[in-house]
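Visitor: Encoded as structure tokens, here's the structure I'll be asking about.
Number of protein chains: 2
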Amino acid sequence: MTKAQERFFEVFTDFQCYILANMNKGDFNGITATHYNLVEYIYRKGKTTGKKLAADFGISAPAISKQVKFLLENDLLYQEQSDEDRRIFYLKATDKGKLLINTSESFRGQVTKQASTVLSKKELEDLTLLLGKVLAQMKSL
Amino acid sequence: MTKAQERFFEVFTDFQCYILANMNKGDFNGITATHYNLVEYIYRKGKTTGKKLAADFGISAPAISKQVKFLLENDLLYQEQSDEDRRIFYLKATDKGKLLINTSESFRGQVTKQASTVLSKKELEDLTLLLGKVLAQMKSL
DNA sequence: GTTAATAGTTAACTAAGTTAATCATTTTTT
DNA sequence: AAAAAATGATTAACTTAGTTAACTATTAAC
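First to last, the sequence lines map onto chains Z and L. Mapping to the UniProt record's numbering: the first sequence position 26 is 26, numbers consecutive. Mapping to the UniProt record's numbering: the second sequence position 7 is 7, numbers consecutive.
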């Protein structure tokens, strides 16, 4: 490892540690970070299916099924059976689910907020670009 | 949110999602990522205590105790009782533990490797600097 | 010297993941 | 067109990593 790589490794280690240690804190109303992430994701996508969620979140279909069941029971999501293929149940955020996302500040929202207080606009853009490049490279493997 | 913030949020969301989905994959010899992270952390620190690990990893002392027990039983760590304070048990990596870290590539190692294939030296340094700034800001809250 | 605090562990429990099996539906094969 | 295979979602049984509360031992404080 070069010096530059070592420094990156060091910072990235701390960064990952911080993410893992803090992203699950501050859950409110009994809604965990996982629940929140699912609702936010579905809200941003507009609609999606359990199958896709499992793929995108990298966990098994039954695991998604269980979390989604909780979110359905708590009226944060609702299902819509597809007319073309009756096996498929689309998931959408309810008004209550949308409200949750819009009124609460996610971990990512906090990072974004803090990033833009401590970085200039140019720096934030650079960081976005560089992080995006690394991510694209990782995903392409 | 400004455009720049929205773009950062978007990339960071993907980035976090990727970390969570992938960091626990590829565990080898029945050693999970958590085990690996603990051994790596202790190895890099030289020696540490359960108390400190709990604080640094942001989980409870009993949770650390249970993981450490496994690592002791599997000869990846060993304990050394402090002479000054007999309540304290220092944890260190065994040769087997060190070998594990040195011969296997952690998730962070992979990210570092891929980051430096897709970024120039200057870009990697910039990314390290910017990520470090954001992290320091988050930690200071 | 007794009381209070601290490092670590054990016990009992919870939550979120896993695989295997099942149901309903759609697609493919013959 | 009927039978067989595949697919999306769920349920059941299980595992694992975390939690809090209670305990042991040691040290610090009054």
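Using N, Cα and C, we set each Cβ at its ideal position, and we do this for glycine too.
Please tell me whether L/S116 has its Cβ less than 7 Å away from any Cβ of chain Z.
Guide: It does; some Cβ of chain Z falls within 7 Å.
Visitor: Looking at chain Z, is there any beta carbon in it that lies within less than 7 Å of the beta carbon of L/T112?
Guide: True, the Cβ-Cβ gap to chain Z drops below 7 Å.
Visitor: Round the Cβ separation of Z/A61 and Z/K51 to the nearest angstrom and send it over; I've been treating them as touching at under 8 Å.
Guide: Confirmed, Cβ separation roughly 7 Å.
Visitor: I'd like the span of the beta strand (DSSP E) that includes Z/D80, first residue to last.
Guide: First, the amino acid is wrong: residue 80 of chain Z is Glu here, not Asp. Segment L77 to Q81, the beta strand (DSSP E) holding Z/E80.
Visitor: Verify whether the separation of the beta carbon atoms of L/Y43 and L/K98 is less than 7 Å.
Guide: Yes, the Cβ-Cβ distance between L/Y43 and L/K98 is below 7 Å.
Visitor: The ligand GTP heavy atoms versus the CB of Z/I59: any closer than 6 Å?
Guide: Absence of the ligand GTP is noted for the structure shown, with no ligands found whatsoever.
Visitor: Which residues mark the beginning and the end of the alpha helix (DSSP H) in which L/L131 is found?
Guide: L/L131 -> alpha helix (DSSP H) spans K121 to K139.
Visitor: With a threshold of 7 Å between beta carbons, is Z/G132 in contact with chain L?
Guide: Closer than 7 Å to some Cβ of chain L, the Cβ of Z/G132 qualifies, so yes.
Visitor: Check the DSSP bridge columns for L/A4 and list the partner residues they point to.
Guide: L/A4 pairs with nothing; no bridge assigned.
Visitor: Between the Cα of L/F70 and the Cα atoms of L/G132, L/L91 and L/T13, which residue gives the shortest distance?
Guide: Among L/G132, L/L91 and L/T13, the Cα nearest to that of L/F70 belongs to L/L91.
Visitor: Could you please give me the residues that DSSP links to Z/Y90 through a beta bridge?
Guide: Z/Y90 is bridged to Z/E80.
Visitor: Check whether the stretch 105–115 of chain Z touches the stretch 6–17 of chain L, taking contact to mean three or more Cβ pairs, one atom from each stretch, closer than 8 Å.
Guide: As far as the Cβ criterion goes, the stretch 105–115 of chain Z touches the stretch 6–17 of chain L, which means the pair count is three or higher.
Visitor: So is Z/K121 in contact with chain L if we call contact Cβ pairs under 7 Å?
Guide: At least one chain L Cβ lies under 7 Å of Z/K121.
Visitor: Quick check: is the beta carbon of Z/Q79 nearer than 7 Å to any beta carbon in chain L?
Guide: It does not: the Cβ of Z/Q79 has no partner Cβ on chain L nearer than 7 Å.
Visitor: Does the CB of L/Q137 have a neighbour CB from chain Z at under 7 Å?
Guide: So yes, L/Q137 belongs to the interface.
Visitor: In the DSSP assignment, what residue or residues form a beta bridge with Z/T48?
Guide: Paired residues: Z/L91.
Visitor: Quick one: does Z/L124 have its CB under 7 Å from some CB of chain L?
Guide: Closer than 7 Å to some Cβ of chain L, the Cβ of Z/L124 qualifies, so yes.
Visitor: Please report the distance separating the alpha-carbon of Z/R87 from that of Z/T32.
Guide: Near 29 Å, if we compare the C-alpha coordinates of Z/T32 and Z/R87.
Visitor: For my contact list, Z/A63 and L/L124 are in at a C-beta cut-off of 8 Å; report their separation, rounded to the angstrom.
Guide: With 8 Å as the limit, Z/A63 and L/L124 do not qualify as a contact, their Cβ atoms being about 36 Å apart.
Visitor: Quick one: give me the first and last residue of the alpha helix (DSSP H) that L/E73 is part of.
Guide: From DSSP, the alpha helix (DSSP H) with L/E73 extends over A61 to E73.
Visitor: Which chain L residues sit within Cβ distance under 9 Å of Z/Y18?
Guide: Those within 9 Å of Z/Y18 in chain L are G58, L135, M138 and K139.
Visitor: Can you tell me whether Z/A115 is buried or exposed, with buried defined as 16 or more other CB within 10 angstroms of its CB?
Guide: So Z/A115 ends up on the buried side.
Visitor: Does any residue of chain Z have a CB that is nearer than 7 Å to the CB of L/T13?
Guide: Judged by the 7 Å Cβ criterion, L/T13 is in contact with chain Z.
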